[in-house]
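Colleague:
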Amino acid sequence: MKKISSTVIGSCLLACTSLSVMAEEATTLEWCKSATVTGTLKKSTTQHPNGSKLVFHYLALKQPITIAVGECEGTKLDKLVTKEIQVKEDPKVIGKFVGKTITVSGEVVAAENAYDVLPVVLYPPIVVKRE
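Numbered as in the working numbering, the sequence shown ends at 1399 without a single skipped number.
#1: Spell out the partners DSSP gives I1476 in its beta bridges.
#2: In its own chain, which residues sit with a C-beta less than 6 Å from the C-beta of A1378, not counting the 5 before and 5 after it?
#3: What does the Cβ neighbour count give for E1380, buried or exposed, with the cut at 16 atoms within 10 Å?
#4: State buried or exposed for V1361, treating a residue as buried only when at least 16 other CB atoms are found within 10 Å of its CB.
#5: Tell me the DSSP secondary structure of P1359 in three-state form.
#6: With distances taken Cα to Cα, identify the nearest neighbour of E1399 among S1312, D1384, T1369.
#7: Check the DSSP bridge columns for S1320 and list the partner residues they point to.
#8: Which residue or residues does DSSP assign as beta-bridge partners of K1344?
#9: Given this structure, state the Cα-to-Cα distance separating I1333 from G1319, to the nearest angstrom.
#10: Do Q1354 and V1376 have their C-beta atoms within less than 7 Å of each other?
#11: For K1397, does the three-state DSSP call read helix, strand or coil?
#12: Thinking C-beta only, is L1309 closer than 7 Å to V1366?
Below, the structure is given as structure tokens:
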């Protein structure tokens, strides 16, 4: 059996610790802050309170993300864990990416009106990058 030096073991532990911290940071977002997320763009419909049909787009994420406890425009918001984020962008701009994996950037906000269907919304300006 070969001996492994304590330096090698220490380096491996440090590297593994760094990776877990990076993964945790990458999946924790803040309310009312810019964020970049990657997922599959989906399109869905629901009924608006006025009775009309409402079409909306959202990202289906591979792994859940956490939005930390925070404040947004004077409203205190709780921690939330989700695998879906609604993307508010002109359907003519974002519609061509439905079914594709994309990366989008925008401001993370809580649903605040009848057009915000999911509890977490990514507001423009949206930057879209196809994976």
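We treat Cβ as the ideally placed atom computed from N, Cα and C, and that holds for glycine.
Modeller: With the given structure in hand:
#1: What is shown of the chain runs 1269 to 1399, which leaves residue 1476 out entirely.
#2: L1345
#3: exposed
#4: exposed
#5: helix
#6: T1369
#7: S1320 is not bridged to any residue.
#8: E1339
#9: 32 Å
#10: no
#11: strand
#12: yes
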